[in-house]
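The structure appears below as C-alpha cells.
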Amino acid sequence: MTDPHSAGLCPQRLARIRPALEKHVHEQGMAGAVTLLARHGDVVDTQCVGYLDREAGLPMREDALFRIYSMTKPVACVALMMLYERGHFQLAEPLAKFLPAFADVLVHSDEGPVPPARPVTIRDLLTHTSGITYHFLENGPVEALYREQRVASDKPLAEFVDDIARQPLAFHPGTSWRYGFSHDVVARLVEVMSGQAFGDFLRDELFQPLGMVDTGFGVPTDKRERFAAMYGSHDVLEPEVSVSAWFGDALAGKIRRLAGSDDSRELAADPPGRGGHGLVSTVRDYLQFCRMLAGGGSLDGRRYLGRKTLALMTSNHIPGELLPYEIGGIVTPGYGYGLGFRVMMDPAAAMLPGSPGEYGWSGAASTYFWIDPAEDFIGIQMAQFQPPGIHLLAPDFRVAAYQALL
Numbered sequence: 001m002t003d004p005h006s007a008g009l010c011p012q013r014l015a016r017i018r019p020a021l022e023k024h025v026h027e028q029g030m031a032g033a034v035t036l037l038a039r040h041g042d043v044v045d046t047q048c049v050g051y052l053d054r055e056a057g058l059p060m061r062e063d064a065l066f067r068i069y070s071m072t073k074p075v076a077c078v079a080l081m082m083l084y085e086r087g088h089f090q091l092a093e094p095l096a097k098f099l100p101a102f103a104d105v106l107v108h109s110d111e112g113p114v115p116p117a118r119p120v121t122i123r124d125l126l127t128h129t130s131g132i133t134y135h136f137l138e139n140g141p142v143e144a145l146y147r148e149q150r151v152a153s154d155k156p157l158a159e160f161v162d163d164i165a166r167q168p169l170a171f172h173p174g175t176s177w178r179y180g181f182s183h184d185v186v187a188r189l190v191e192v193m194s195g196q197a198f199g200d201f202l203r204d205e206l207f208q209p210l211g212m213v214d215t216g217f218g219v220p221t222d223k224r225e226r227f228a229a230m231y232g233s234h235d236v237l238e239p240e241v242s243v244s245a246w247f248g249d250a251l252a253g254k255i256r257r258l259a260g261s262d263d264s265r266e267l268a269a270d271p272p273g274r275g276g277h278g279l280v281s282t283v284r285d286y287l288q289f290c291r292m293l294a295g296g297g298s299l300d301g302r303r304y305l306g307r308k309t310l311a312l313m314t315s316n317h318i319p320g321e322l323l324p325y326e327i328g329g330i331v332t333p334g335y336g337y338g339l340g341f342r343v344m345m346d347p348a349a350a351m352l353p354g355s356p357g358e359y360g361w362s363g364a365a366s367t368y369f370w371i372d373p374a375e376d377f378i379g380i381q382m383a384q385f386q387p388p389g390i391h392l393l394a395p396d397f398r399v400a401a402y403q404a405l406l
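Going by UniProt numbering, the sequence shown opens with residue 1, and the numbers climb by one from there.
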C-alpha cells in the first residue's frame, strides 16, 4: 500500500468505495467481494466486504481465491502473442494450418451447411470474429446445436477443440462479432506451437516469473480454506443452460449456492486447462498480470511482451459496422475489441468514466478489471455471483474509483 494522496487520489473520496460495494451484499445478492486499486504501480486501496462463505459465516478476506472465468481469456491471448513474437505464426494465417480439424469446417445457413467464404484466421480467434459461439447464447440454431450436442464439457482441451471443429460456424469468418469458445482454441494453439500443456506454459512463462503464486487451474488442498463459495441461479458451464434461464431465474430471485468447497470442478485432481475460463486467482495475483501489461509488457526487469505487440493487442480490431458488440443481448456502446481485451473508444458513448485506450475484461462470476494507460490506473474486482451484471457491481465500483482521482 502507498499513500493515496501521493498517488493522486483523495482518501476521503476513496471511502465511498466501500458503501458502493456493500449495497450489493445481501441475501439475494452477492455474498462478498474484494476490490483493489493501483496507480503508478502501487496499491492505493483494497476493500473486503461480506462473506467468503455465507453459510459458514466466514468473512471475506483479501487473499481469497476466486474462479475468474473469462478473465482467463486475456491471459490466454497474451500467451499466444508471446509465441507470435517468437515467430510461430502471423495473425492472417489460417487456423487449419496449425489445427487440421478446422480444414473442413462449414458455416450454418438456412439452406444447410456451406463452405466458409474464407478460412478462419488466428486473428478471428483472438477477436471473436471466427464464427465459433457459446452454448448459453440464444442467437440462433448453432447455439442450440451446441446445447443439444453438450459441447460444453470437461474433456481434455484437445478433444474439446476437436468437438468444436465438428460444429458449424454461426457465420462466415470476419462478418460478425460473437462471444464464444474461440479463446479455448487459442489455448490449444499455445499447446501445439509450444509443445507444452497449456497450464504448464502459463506456469513457466507467466505465473512463476510474475510471482502469481495462487493462480492456476485448480485449488491445492492447503489453500481450500481461502476458496470463495459460488452463488447464483445457474452455473454458466452447465451444458444445457441458456442465457434466458440464467438471467431470468436470477432476476426472479432464485439464488442458491452453486459450488462449495467440496464439489467444484476446480478441486478435481487434474482439472483441464482452458483458454476461455478455468483459472482461479486472487486480486493480488491478478494485479501482477495487470502491472506487467501496464508496464508495456515488462515488470521488475523482465520483459514478457514487446511494447508494440501490446499496443497491437489493445487497439480496436473490429470494423465500425460490427459495433457495438453485444453478449447475450447486453450491448456495450463506446467500446471496441482488440486481441483479447475490450478497448474503450468513447467514454461518453460508454457512459462510464475512463479514458480512450482503457482496456480490460470481466468474468461470468462478477469479476472485472481495467487498465487505464492515460491515468496509469488499475482496478480489479473479484466476487462469486452468477450471472454478472444483475447487481451492477462493476459500474458502481468503477464510478467510485474514478471519482477519487485528483
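Think of the CB as a built atom: it goes at the ideal place given N, C-alpha and C, for glycine as much as any other residue.
Treat the numbers as computed from the prediction; the structure is a model and nothing was measured.
For W246, the enclosing alpha helix (DSSP H) has its first and last residue at 243-251. Nearest Cα to L237 within the set E62, R123, H5, I68: I68. For T133, the CB contacts under 6 Å within the same chain, skipping 5 residues up- and downstream, are V142, E143, A170, R178, G180 in chain order. Only buried fits S362, as 16 or more other CB atoms lie within 10 angstroms of its CB. Distance check between G276 and each of P4, P115, D3, A79 places A79 closest, using alpha-carbon atoms only. In the DSSP assignment, V283 falls within the alpha helix (DSSP H) that extends over 283-294. Our two residues, S194 and F201, have alpha carbons roughly 8 Å apart in a direct line. The bridge partners DSSP lists for P94 are T121.
Secondary structure of I371 (DSSP, three-state): strand.
Inter-residue distance for G320 and R342 is about 14 Å (C-alpha atoms, whole angstroms). For the pair F385 and Y231, the CB atoms are nearer than the 7 Å cut-off. In the displayed model, S362 falls within a strand according to three-state DSSP. Residues G354, S355, E358 of the same chain have their beta carbon placed closer than 7 Å to that of D372, with the five preceding and five following residues left out of the count. L83 is the residue among L83, A250, K308 whose C-alpha sits nearest the C-alpha of Q196.
DSSP places L36 in the uninterrupted beta strand (DSSP E) bounded by 32-39.
Listed in chain order, the non-local C-beta contacts of I255 below 7 Å within the same chain comprise Q28, Y231, G232, S233, local neighbours out to five positions each way being set aside. DSSP lists M230 as the bridge partner or partners of A259. In terms of CA proximity to M71, M382 leads the group E225, M382, G57, V43. Contact between F397 and I164 does not hold, since their C-beta atoms are separated by about 34 Å, which reaches or exceeds 8 Å. Check the Cα spacing between M212 and each of V34, R291, M81: the tightest is with R291. In this structure, L157 keeps its C-beta atom at 7 Å or more from the C-beta atom of R203. Residue environment for H128: buried (at least 16 other C-beta atoms within 10 angstroms of its C-beta). Collapsing the DSSP output to three states places C77 in a helix. Counting along the chain, the unbroken beta strand (DSSP E) around I378 starts and ends at 377-383. Assigned with DSSP and collapsed to three states, D200 falls in helix. Cβ neighbours of L310 within its own chain (closer than 7 Å, five residues either side excluded): L293, G296, G297. If you draw a straight line from the Cα of M313 to the Cα of L137, it comes to about 26 Å. A Cβ-Cβ contact shorter than 7 Å links R118 with P173.
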